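Residue numbers (this note's numbering), protein chains in the order written: chain Z, 212 to 535; chain U, 212 to 535. The beta-carbon is built from N, C-alpha and C at its ideal position, and this holds for glycine as well. Predicted model only: the values in this text are computed from it and were never measured.
Protein chains: 2
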Amino acid sequence: MAVPQMLSGMEKAHPKLISVLPGTQAVVRADAPVKGKVALLTGGGSGHEPAHGGFVGKGMLDGALAGAVFCSPPLDDAVAALERIDGGAGALFVIKNYTGDILLFDMAEEEAEERGIPVRKIVVADDVAVDVREGTTGRRGVAGTVFVHKIAGAAADKGLPLDEVFRVAQKVVSNTRSMGMALTPCLVPGRDKPNFELGEGDMEIGIGIHGEPGVRREPVKPAAEIVSEIMDRIVNDLPYVSGDEVVVMVNGMGATPLMELYVVFGEVGKYLAEKGISIVRSMVGEYMTSLEMAGFSISLLKADGELLELFDSPCHTPAWRQGC
Amino acid sequence: MAVPQMLSGMEKAHPKLISVLPGTQAVVRADAPVKGKVALLTGGGSGHEPAHGGFVGKGMLDGALAGAVFCSPPLDDAVAALERIDGGAGALFVIKNYTGDILLFDMAEEEAEERGIPVRKIVVADDVAVDVREGTTGRRGVAGTVFVHKIAGAAADKGLPLDEVFRVAQKVVSNTRSMGMALTPCLVPGRDKPNFELGEGDMEIGIGIHGEPGVRREPVKPAAEIVSEIMDRIVNDLPYVSGDEVVVMVNGMGATPLMELYVVFGEVGKYLAEKGISIVRSMVGEYMTSLEMAGFSISLLKADGELLELFDSPCHTPAWRQGC
Numbered sequence: 212m213a214v215p216q217m218l219s220g221m222e223k224a225h226p227k228l229i230s231v232l233p234g235t236q237a238v239v240r241a242d243a244p245v246k247g248k249v250a251l252l253t254g255g256g257s258g259h260e261p262a263h264g265g266f267v268g269k270g271m272l273d274g275a276l277a278g279a280v281f282c283s284p285p286l287d288d289a290v291a292a293l294e295r296i297d298g299g300a301g302a303l304f305v306i307k308n309y310t311g312d313i314l315l316f317d318m319a320e321e322e323a324e325e326r327g328i329p330v331r332k333i334v335v336a337d338d339v340a341v342d343v344r345e346g347t348t349g350r351r352g353v354a355g356t357v358f359v360h361k362i363a364g365a366a367a368d369k370g371l372p373l374d375e376v377f378r379v380a381q382k383v384v385s386n387t388r389s390m391g392m393a394l395t396p397c398l399v400p401g402r403d404k405p406n407f408e409l410g411e412g413d414m415e416i417g418i419g420i421h422g423e424p425g426v427r428r429e430p431v432k433p434a435a436e437i438v439s440e441i442m443d444r445i446v447n448d449l450p451y452v453s454g455d456e457v458v459v460m461v462n463g464m465g466a467t468p469l470m471e472l473y474v475v476f477g478e479v480g481k482y483l484a485e486k487g488i489s490i491v492r493s494m495v496g497e498y499m500t501s502l503e504m505a506g507f508s509i510s511l512l513k514a515d516g517e518l519l520e521l522f523d524s525p526c527h528t529p530a531w532r533q534g535c
Numbered sequence: 212m213a214v215p216q217m218l219s220g221m222e223k224a225h226p227k228l229i230s231v232l233p234g235t236q237a238v239v240r241a242d243a244p245v246k247g248k249v250a251l252l253t254g255g256g257s258g259h260e261p262a263h264g265g266f267v268g269k270g271m272l273d274g275a276l277a278g279a280v281f282c283s284p285p286l287d288d289a290v291a292a293l294e295r296i297d298g299g300a301g302a303l304f305v306i307k308n309y310t311g312d313i314l315l316f317d318m319a320e321e322e323a324e325e326r327g328i329p330v331r332k333i334v335v336a337d338d339v340a341v342d343v344r345e346g347t348t349g350r351r352g353v354a355g356t357v358f359v360h361k362i363a364g365a366a367a368d369k370g371l372p373l374d375e376v377f378r379v380a381q382k383v384v385s386n387t388r389s390m391g392m393a394l395t396p397c398l399v400p401g402r403d404k405p406n407f408e409l410g411e412g413d414m415e416i417g418i419g420i421h422g423e424p425g426v427r428r429e430p431v432k433p434a435a436e437i438v439s440e441i442m443d444r445i446v447n448d449l450p451y452v453s454g455d456e457v458v459v460m461v462n463g464m465g466a467t468p469l470m471e472l473y474v475v476f477g478e479v480g481k482y483l484a485e486k487g488i489s490i491v492r493s494m495v496g497e498y499m500t501s502l503e504m505a506g507f508s509i510s511l512l513k514a515d516g517e518l519l520e521l522f523d524s525p526c527h528t529p530a531w532r533q534g535c
């Protein structure tokens with residue numbers, strides 16, 4: 212119920228940037244298709260705003276499918292979006308690693324093939340809270356996905372061909388790791404209670420973006436300790452090492468005051484300085500939320516000259532606007 | 212305690228844009244002073260992030276004083292900031308209408324005079340929830356203040372002299388009205404309980420940005436009805452009339468999902484269309500918050516060619532970046 216109303220509000224707020232395709236929950240660039248440009252399509256459940264529709268526009272995504280809250284979007288919307296955004300240079304699907312989304316974009320790929328549209332798929336699985344075990348879907352895609360939207364979007368905007376846009380996206384995925392924590396769960400509309408509950412003074416480390424419980428529950432600790440625990444997991448995973456340059460995103464999950472996100476960023480800065488890792492770009496705010504969950508996630512992207520140039524290039528979307 | 216940590220995090224996140232003056236809680240442009248430009252100084256209690264430090268940078272503010280949470284900043288910080296940002300063309304103080312802030316900037320004006328810095332003061336009092344009665348401070352300054360930061364900031368950036376920057380700021384104030392509502396109060400750090408309490412399923416219409424109770428409490432109603440009630444107060448106050456062009460800001464108070472802000476924006480759009488009032492620019496997000504309060508405010512600015520040109524001009528601050 213809330214999703215169509217939200218999309219209608221988004222379209223009214225940003226009529227020059229985005230359109231919602233009639234009869235669907237697909238958000239596309241108002242000026243789609245852009246001839247000769249690789250089209251970027253993403254999507255997933257709603258409840259993560261500004262992701263994903265907020266990143267549709269010049270220099271980022273061409274289309275974003277909005278499912279019901281925390282549910283994968285329907286195939287019909289994917290096909291409608293694809294037909295609208297196809298500029299003749301193929302499409303990159305940016306997929307967060309969830310079973311439903313993987314299935315959706317597999318089917319969408321078949322539909323694209325029938326229409327003669329070349330497709331590459333990039334799967335984002337940046338959440339280090341989830342162990343990779345055989346027989347599971349593996350790591351979830353979380354806020355680091357926004358790095359892919361920005362940088363692969365810039366590569367496409369520059370006119371790079373599909374295989375090159377895919378290569379850049381793959382480099383971003385390889386260099387990105389994330390992890391989150393929560394102080395309160397989120398409540399999915401229509402459900403009676405949250406997916407997990409927290410006692411007064413407890414926090415949950417390693418939460419997902421759909422109200423999934425974390426990997427551990429413990430009493431709330433000072434920001435420095437929480438950040439240190441999360442950063443240990445992230446930094447040791449890639450690993451990020453002394454001399455690396457990184458883009459840091461401190462992402463609010465929905466209900467956390469910006470004041471607290473900056474406190475967290477300060478602790479991340481201290482942690483990285485001790486490791487000899489340099490912060491070259493910073494993002495502090497709400498990029499991929501989980502309705503009204505109180506908490507945050509930290510994402511690191513190991514940058515190089517190519518990635519930074521694309522990160523800095525102009526874009527104009529409802530939620531990210533720079534230099535144009 | 213949290214405020215110095217926050218400011219340290221902000222400075223680390225945006226070192227090219229802002230500096231925190233050592234020994235103070237004053238945020239200034241990293242490149243201050245800008246010679247020959249009117250300097251804009253604002254400030255107030257913390258807890259409203261991204262206001263005010265998030266709007267310091269090219270095209271907006273030169274300095275922003277951060278008090279303790281919901282407390283007016285000290286005079287020493289104002290003097291330090293003023294000395295740092297004075298570019299020889301005078302200063303405009305942008306003041307939200309609260310007793311403590313008014314007193315602070317009156318004293319700062321005296322200090323400026325002693326230093327030979329010409330000052331004009333603009334007081335923002337956009338909150339239509341508060342009746343104007345004799346013997347009171349009158350209406351509060353709330354989210355509409357951000358319109359003043361942007362537009363007067365652009366006027367100063369363009370090189371206009373102090374009296375002209377003041378005239379533009381005055382026009383913005385005259386044309387701006389705001390009102391808010393809340394579903395949950397905020398909790399000031401260090402206090403045991405919130406300033407007001409709401410029963411399950413209740414909402415508070417006309418809340419302030421410091422956890423002040425609203426003008427009326429009632430059961431939560433559908434978004435369309437809430438918006439209609441708030442918009443009636445706003446639109447009838449100026450009044451905004453058929454044929455007017457307006458900038459609309461739907462401002463989250465801290466814990467409200469962006470999804471809901473867009474639903475609200477959609478209802479604002481319907482309301483204004485029925486009145487024959489055109490939306491020419493839209494802002495949907497968190498601009499002036501109240502810690503983790505769940506709720507939103509709506510602000511309207513009646514625009515004209517001069518105001519729109521300044522609204523659209525480039526700026527580069529932590530929280531608002533366009534075209535540069």
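Residues are counted here when their Cβ sits less than 8 Å from a Cβ of chain Z; for the segment 221-234 of chain U these are 221, 223, 224, 225, given in chain order.
Annotation: Cβ neighbours of residue 217 (chain Z) in chain U (cutoff 7 Å, chain order): 470, 473, 474. The C-alpha of residue 404 (chain Z) lies about 10 Å from the C-alpha of residue 396 (chain Z). For residue 387 (chain U), there is no enclosing alpha helix (DSSP H); the residue is part of the beta strand (DSSP E) that begins and ends at 387-395.
Residues of the segment 275-286 of chain Z that bring their beta carbon within less than 7 Å of a beta carbon in chain U are absent altogether. The alpha-carbon separation between residue 374 (chain Z) and residue 266 (chain Z) amounts to approximately 22 Å. Here residue 484 (chain Z) is exposed: its Cβ has fewer than 16 other Cβ atoms, across all protein chains shown, within 10 Å. From the beta-carbon of residue 401 (chain U), no residue of chain Z is found nearer than 8 Å; the closest lies around 14 Å away. By the CB criterion at 8 Å, residue 463 (chain U) and residue 219 (chain Z) fall outside the cutoff. By alpha-carbon distance to residue 226 (chain U), the top candidate from U:242, U:423, U:433 is U:242.
DSSP, reduced to helix, strand and coil, places residue 297 (chain U) outside both helices and strands of the structure shown, so it counts as coil.
Against residue 270 (chain Z), chain U offers no close residue; the least beta-carbon distance is about 13 Å (beta-carbon pairs closer than 9 Å). When only Cα atoms are considered, residue 529 (chain Z) and residue 467 (chain U) end up about 18 Å apart. Within the DSSP secondary-structure output, residue 430 (chain Z) pairs in a beta bridge with Z:413.
Interface annotation, residue 238 (chain U): not in contact with chain Z, CB-CB separation never under 8 Å.
Between residue 292 (chain Z) and residue 251 (chain Z), the C-beta gap is not smaller than 8 Å, which leaves the two residues out of contact. Residue contact check for residue 503 (chain Z) against chain U: a CB pair falls below 8 Å. Assigned with DSSP and collapsed to three states, residue 245 (chain U) falls in coil, not helix or strand. Nearest Cα to residue 358 (chain U) within the set U:516, U:260, U:511: U:511.
Check the Cα spacing between residue 360 (chain U) and each of U:310, U:457, U:376: the tightest is with U:376.
For residue 532 (chain Z), the neighbours in chain U by C-beta distance under 8 Å run, in chain order, 532, 533. Between residue 532 (chain U) and residue 532 (chain Z), the CB-CB gap stays under 8 Å. For residue 219 (chain U), the enclosing alpha helix (DSSP H) starts and ends at 213-224. Per DSSP, the beta-bridge partners of residue 306 (chain Z) are Z:334. A direct Cα-to-Cα measurement between residue 384 (chain Z) and residue 337 (chain Z) gives close to 7 Å.
Counting only the Cα atoms, residue 505 (chain U) lies some 14 Å from residue 469 (chain Z). Each residue's CA atom was taken as its position, placing residue 214 (chain U) and residue 472 (chain Z) some 12 Å apart. Z:279 is the residue among Z:217, Z:234, Z:279, Z:233 whose C-alpha sits nearest the C-alpha of residue 254 (chain Z). Looking from the CA of residue 421 (chain Z), the closest CA among Z:436, Z:352, Z:440, Z:441 belongs to Z:352.
Under the three-state reduction of DSSP, residue 462 (chain Z) is assigned to strand. When the beta-carbon positions are compared, residue 323 (chain Z) and residue 330 (chain Z) come within less than 8 Å of each other.
Boundaries of the alpha helix (DSSP H) around residue 356 (chain U): 356-368. Residue-level contact check: residue 260 (chain Z) touches chain U, since one or more beta carbons of chain U fall below 8 Å from its beta carbon. Residue 410 (chain U) and residue 414 (chain Z) have their C-alpha atoms roughly 25 Å apart. Residue contact check for residue 453 (chain Z) against chain U: no CB pair falls below 8 Å. Note on residue 321 (chain U): under 16 other CB atoms within 10 angstroms of its CB, so exposed under the neighbour-count rule.
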